[in-house]
Structures are given as structure tokens and as C-alpha cells.
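Residue numbers (my numbering): 66 to 145.
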């Protein structure tokens with residue numbers, strides 16, 4: 066029967082990993098799968114405010130008339 070042991074380890078200099086576990090006996094055969102956690106991208110310390118996002122989506126419509134036309138078409142699609 067296959068059994069999984071989940072452990073976390075920190076990579077040491079030179080790419081060295083050391084794992085000790087009391088349930089592992091000398092001489093048994095094991096398969097090792099290494100799953101690396103993705104490094105978090107540099108994120109701002111606090112989330113942006115709604116006010117700071119206003120205007121960032123500019124360029125989707127050339128003018129207010131295009132926006133009105135799009136909204137009108139969406140509303141008409143809801144009524145169908």
C-alpha cells in the first residue's frame with residue numbers, strides 16, 4: 066500500500082535538502098517529489114483604493130456616446 070508523508074523543508078546552500086522522519090526505516094525505497102512554492106510577486110503593501118483605479122481603464126471607448134451605445138445594447142440583450 067502506498068502511503069504519503071508530507072514534510073516541508075528549506076533548501077540549504079548548494080541546493081541541499083535534508084529530511085528526517087521517524088517512520089522512514091533504513092533500506093526502504095521511497096519516491097521523492099519536490100513541489101516548489103511559487104515566489105509571491107512583489108505586491109504593494111496594501112491593496113489599491115477604488116479611487117486610485119478610476120481612469121485606468123481608459124481607451125476602451127472613444128467617447129461617451131460609444132459607452133451609452135454599449136450600455137443600451139447590453140440592457141436590450143437582458144430583456145430578450
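Think of the CB as a built atom: it goes at the ideal place given N, C-alpha and C, for glycine as much as any other residue.
Nearest-angstrom beta carbon gap, residue j and residue i [assumed within contact, 8 Å]
| i | j | result |
| --- | --- | --- |
| residue 89 | residue 72 | Wrong, their Cβ atoms sit about 10 Å apart, outside the cutoff. |
| residue 82 | residue 91 | Not a contact, Cβ separation roughly 19 Å. |
Delimiting residues of the alpha helix (DSSP H) encompassing residue i
| i | result |
| --- | --- |
| residue 134 | 129-144 |
| residue 90 | Element bounds for residue 90: n/a, residue is neither H nor E. |
| residue 116 | 115-118 |
Spatial distance of residue i from residue j (CA atoms)
| i | j | result |
| --- | --- | --- |
| residue 132 | residue 144 | 19 Å |
| residue 74 | residue 87 | 16 Å |
| residue 102 | residue 68 | 22 Å |
| residue 122 | residue 100 | 37 Å |
| residue 142 | residue 128 | 22 Å |
| residue 78 | residue 96 | 23 Å |
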